[in-house]
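A.B. asks:
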Amino acid sequence: MYVNVRAIIEKAVNGESQLYLQIRDKPGQPKVWELPGGQLEEYESMIDGLIREIKEESGLKLTQIEGEKDYLKVRTDTGVVEIIQPFAVYQTTEGPIDSMGVYFRCTAEGVALKSGDQAKDGRWITISELSKLVENNLESFSWVDIAGIRLYLESKYKNESKRGI
110 MYVNVRAIIE KAVNGESQLY LQIRDKPGQP KVWELPGGQL EEYESMIDGL
160 IREIKEESGL KLTQIEGEKD YLKVRTDTGV VEIIQPFAVY QTTEGPIDSM
210 GVYFRCTAEG VALKSGDQAK DGRWITISEL SKLVENNLES FSWVDIAGIR
260 LYLESKYKNE SKRGI
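Here this note's numbering is used: the first residue of the sequence shown is 110, the next is one more, and so on.
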């Protein structure tokens, strides 16, 4: 089973939320929209892996990771365990790849690469544009990330309706 970390990178421009998406550019795989992130190396910290993957794929530098303030590392005679409260956790239960992963809401700075490690054409997309893409063109997204994106959109709209937006 693969263990992955994924970033939901957000920013606000003129009061409008945007999300960073990129095209998956891996030989033999469909060119679809995805969230940046990837596989953890053996015993790699989730935070370290997330920072590394985002830098490799997008060139962006993470400035904030939601839940990082509540991060806890516990060391015993047996080993070390890290605990953090992410946005969401996924597990594939069918499909071509057996994996589980963790989605983190983040902010970042810097200029995105035109092409990174197995990723290209990264760009910022407004939440309204993303909602339309998801509604009208589901197959243009990574089969794993569409679940995280849909959960993100649902939570975003719930929070906005609670605030009367």
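From the three backbone atoms N, C-alpha and C, an ideal C-beta is built for every residue, glycine too. Nothing here was measured: the structure is a model prediction, and the numbers come from that model.
Does the structure place the stretch 110-120 close enough to the stretch 139-147 that three or more beta carbon pairs sit under 8 Å?
C.D. replies: yes
A.B. asks: Does DSSP put Tyr111 in a helix, a strand or coil?
C.D. replies: strand
A.B. asks: Give the range of the alpha helix (DSSP H) segment to which Gly158 is assigned.
C.D. replies: Met155 to Ser167
A.B. asks: Applying the criterion that 16 or more other CB atoms from any shown protein chain within 10 Å of the CB defines a buried residue, is Ser167 buried or exposed?
C.D. replies: buried
A.B. asks: What did DSSP end up calling Ala256 once you bin it into helix, strand or coil?
C.D. replies: helix
A.B. asks: Applying the 10 Å Cβ sphere with the 16-neighbour rule, what's the burial state of Ile174?
C.D. replies: Burial call: buried.
A.B. asks: Does the Cβ-Cβ distance between Glu153 and Gly225 come in under 8 Å?
C.D. replies: no
A.B. asks: On the DSSP letters alone, give me the boundaries of the alpha helix (DSSP H) that Ile206 sits inside.
C.D. replies: Run containing Ile206: none; DSSP gives neither H nor E here.
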